[in-house]
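Okay, so here's the structure we're looking at.
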Amino acid sequence: MAAEEEGDQVRQCSRASEQVVARRKKQPLGWKSMPFILANETFEKAASFGVAANLTTYLVKRFNIGQLKAANITNIFFATLNFAPLLGAFISDSYLGRFKTLAYGCFASLLGMLGMTLSASLPALKPPICNQTSQLGGHCTSPSTLQMSVLYLSLGLLTIGGGAIRPCSLPFGVDQFDKTDEESRKSLNSYYNWYYGTSTVALVFSTTILIYIQNISWAIGFGIPTFFMFLAIIIFYAGTRLYVHVPPEGSIFSGILQVLVASFKKRRLKLPCPHDINQQELMLYNSPTRGNLIFRLPLTSQFRFLNKGAIMRGGDINDDGSARIPWKLCSIQQIEEVKCLIRIVPIFFSGIICFLAMAQQFTFIILQTFTMDCHLGPHFEIPSGSVISISLIALIVFIPIYDRIIVPIARQYTGLEGGITLLQRQGVGLVVSTISMVVAGLVECKRRNSALSNGGISPLTVLWLAPQLVLMGIAEAFNAVGQIEFYNTQFPEHMQALAGALLFSTLAGANYLSIGLVNITRKVTTRHGHTSWLTDNINSGKLDYYYYFIAILGVLNLFYFLICSHYYQYKAMSLHAEESIQIHAKEEAAAEINIETDAPSK
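Each residue of the sequence shown is one higher than the one before, counting from 171 in my numbering.
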């Protein structure tokens with residue numbers, strides 16, 4: 171009887187423990203939660219890009235803002251919008267977690283879009299309509315302080331929303347898959363394809379149908395994205411019960427600072443010989459793998475001075491093997507993660523010049539269309555903002571060509587799984603983006619001469635802009651997609667949100683650089699009474715010279731990139747066995763059971 175009672179108690183304790191684990195460790199449901207996340211991402215992308223893509227046209231044609239000022243406002247908006255994810259990633263990883271950050275971001279975006287819709291609908295929030303002749307002559311009524319305030323507030327809310335949504339949307343979907351399960355990992359790869367596929371469909375819709383509607387009615391054209399954003403929020407919250415909520419892991423920046431501080435404090439200590447592995451194991455701190463980390467980074471000799479932060483001295487280690495004072499002792503894993511970031515930074519800067527060429531799609535290229543023939547046949551007119559969809563379509567078409575044709579051919583010669591290295595892929599993108607600026611300059615020269623010969627409006631069709639836009643799309647397929655893969659493979663695992671934000675930071679850098687170049691170009695080229703290259707009347711300037719200047723910067727940037735690539739050292743890593751992952755998961759669950767069952771006795 172005693173044995174049976176003891177067996178019953180054990181079974182009850184086991185069931186209680188399983189219930190505790192179920193409460194504390196919700197199992198990821200994978201594809202069951204994906205419809206809600208993908209639908210939210212699709213509607214949000216269509217909504218936000220539907221407002222942003224046609225912003226330059228809206229500012230010039232509906233808000234009576236000068237062309238150069240409108241280009242600067244657009245650049246500032248896109249720069250801030252793309253820089254904000256860096257801050258959003260920090261807040262998400264450190265304080266709120268991805269779910270709350272996404273939720274707050276969606277509401278901020280909704281308010282921003284509602285503000286844009288009101289500014290396009292209410293007469294009190296928009297200036298009187300002005301025709302193109304008056305705009306070129308500078309005789310239009312400027313927007314009032316109230317009207318500009320509502321506009322800037324709306325753009326600010328859109329920036330806050332984008333900064334919260336962009337770095338968290340993709341990782342939040344990844345959180346819904348169990349990375350220790352082989353089938354779940356296969357499903358995760360499919361999720362990436364669906365994520366980018368649905369996002370691309372949303373972007374194509376925004377740059378074609380939605381912009382066409384805006385060309386007819388700004389109020390309806392902004393009202394539709396607002397409704398989409400409202401739908402996105404409803405769908406997102408509908409799947410709340412299915413989501414796995416990964417808690418924030420603390421600031422990654424504090425870990426970076428700890429490595430720098432610990433290395434500086436121990437700068438006078440002597441490191442063990444790099445060839446003496448036994449001595450390194452005795453002197454350098456190598457903590458157990460933390461959290462859900464699968465990959466451990468081995469010790470490298472590059473930036474060797476940072477390794478001093480892992481030198482162990484008396485009293486540095488607690489009884490449980492953890493560092494007593496993290497600001498005095500860091501693990502080899504922490505140090506190698508910081509090295510990863512240091513290696514990536516120079517490559518990051520090279521991408522800014524590449525995106526500088528692409529940034530012209532949303533400003534000067536749209537301004538060019540204002541003085542070109544936008545008709546496609548006798549009855550259909552292409553909206554100015556829709557021209558940039560040529561670049562997007564080129565990107566969509568070229569990616570499968572690259573993946574299915576170019577990569578297999580290159581693989582036969584290089585033996586590399588990806589055909590070429592990630593850095594080589596980015597380098598090709600830099601070359602193509604530079605060529606696109608040369609082509610852009612040649613087309614602009616022809617457009618301006620044609621416009622001056624025909625009373626200010628060129629009879630050239632806007633399809634003359636297609637070659638440079640196609641090249642920009644191909645450049646993006648090489649460089650931008652290459653950057654995404656590069657950051658996701660070269661960043662430490664727990665910094666994936668930062669990896670996603672870094673690409674947007676590259677875009678932000680390109681937009682800020684574009685603002686600086688525009689202002690410097692205007693100041694320099696107006697010396698000694700000369701006409702500026704960049705003017706509100708695009709026919710009076712020398713926009714082609716500006717494009718050639720960007721091409722020269724692209725050539726210089728290419729040489730810089732080649733130097734950085736030559737010295738870059740790819741991240742090395744060792745993969746723990748599947749058994750060790752499962753053992754670690756079981757140990758973690760057992761520890762949580764002990765914490766829960768011991769709580770009443772404390």
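Glycine included, every Cβ here is placed at the ideal spot set by N, Cα and C.
For residue i, which beta-bridge partners are listed by DSSP?
i: ASP543; result: THR631
i: ALA254; result: Paired residue(s): none; ALA254 is not in a bridge.
i: ILE487; result: ALA493
i: GLU551; result: HIS545
i: ILE481; result: LEU454
Thinking residue i and residue j are a contact (beta carbons under 8 Å), I'd like their distance in whole angstroms, please.
i: CYS276; j: ILE403; result: 5 Å
i: ALA680; j: GLN638; result: With 8 Å as the limit, ALA680 and GLN638 do not qualify as a contact, their Cβ atoms being about 16 Å apart.
i: ALA209; j: SER376; result: In fact, because the Cβ distance is near 16 Å, the residues do not count as touching under 8 Å.
i: ALA290; j: PHE392; result: 5 Å
i: GLY220; j: CYS338; result: Incorrect: roughly 21 Å between the Cβ atoms, too far for contact.
i: VAL640; j: ALA564; result: 4 Å
Residue i: which of the options sits nearest, CA to CA?
i: SER620; options: ALA650, LEU600, PRO637, ASP543; result: ASP543
i: LEU726; options: PRO313, ALA223, ARG617, LEU600; result: LEU600
i: PHE406; options: PHE648, GLU214, THR631; result: GLU214
i: TYR274; options: VAL602, TYR657, SER702, ILE330; result: ILE330
i: SER492; options: ASN456, LEU511, LEU635; result: ASN456
i: THR843; options: ALA259, PRO313, GLY236, VAL416; result: No information on residue 843 is available, as it lies outside the stretch 171 to 772 that the chain covers here.
i: MET283; options: TRP364, PHE656, LEU257, PHE398; result: PHE398
i: TYR682; options: PRO313, ALA527, GLN472; result: ALA527
i: HIS415; options: GLY589, LEU272, ILE552; result: LEU272
i: SER606; options: MET642, LEU593, GLY588, ASN448; result: MET642
i: THR287; options: GLU211, LEU325, PHE269; result: LEU325
i: ILE505; options: ILE495, GLY479, CYS524, ARG336; result: GLY479
i: PHE648; options: VAL602, ARG268, ALA241, SER501; result: VAL602
i: LYS498; options: ASP489, ILE720, ARG483, LEU373; result: ARG483
i: SER561; options: LEU266, TYR265, ARG513, VAL374; result: VAL374
i: GLU614; options: TYR583, PHE540, ILE512; result: PHE540
i: THR410; options: THR470, SER424, GLN346; result: GLN346
i: GLU587; options: GLY597, GLN596, ASP573, PRO205; result: ASP573
i: ALA669; options: ALA278, LEU511, TYR737; result: LEU511
i: VAL320; options: GLY425, ALA334, LEU292, ILE571; result: LEU292
i: HIS545; options: ALA372, GLN472, TRP634, TYR717; result: TRP634
Report buried or exposed for residue i, applying the criterion of at least 16 other Cβ atoms within 10 angstroms of its Cβ.
i: LYS231; result: buried
i: ASP263; result: buried
i: ILE774; result: This structure cannot settle anything about residue 774, because the visible part of the chain is limited to 171 through 772.
i: THR659; result: exposed
i: VAL515; result: exposed
i: THR311; result: exposed
i: LEU592; result: buried
i: ASP714; result: buried
i: GLU188; result: Any reading at GLU188 must be qualified, since the residue scores a pLDDT of 43, below 50, and its modelled position is unreliable; no value is offered.
i: LYS436; result: buried
i: ALA529; result: buried
i: ASN234; result: buried
i: GLY625; result: exposed
i: LEU327; result: buried
i: GLY285; result: buried
i: ARG494; result: exposed
i: ILE517; result: buried
i: SER387; result: exposed
i: VAL694; result: exposed
i: GLY724; result: buried
Flag residue i as yes if its beta-carbon sits less than 7 Å from any beta-carbon of chain D, otherwise no.
i: LEU593; result: Here there is only one protein chain, and chain D is not present.
Are the segment 246-266 and the segment 369-386 touching, with three or more C-beta to C-beta distances below 8 Å? Touching, no, given that fewer than three Cβ pairs across the two stretches are closer than 8 Å.
Is it true that the segment 567-579 meets the segment 228-247, where meeting means three or more beta-carbon pairs spaced less than 8 Å apart? When Cβ pairs closer than 8 Å are counted between the two stretches, the segment 567-579 is seen not to touch the segment 228-247, the count staying below three.
Would you call the segment 614-634 and the segment 669-678 in contact, with 3 or more CB pairs under 8 Å? Too few Cβ pairs lie closer than 8 Å, so no.
Would the segment 417-435 and the segment 495-510 be scored as touching if the rule is three or more Cβ pairs under 8 Å? Touching, yes.
Are the segment 221-230 and the segment 554-572 in contact at 8 Å, needing three or more beta carbon pairs? Contact annotation: the segment 221-230 touches the segment 554-572, with at least three C-beta pairs closer than 8 Å.
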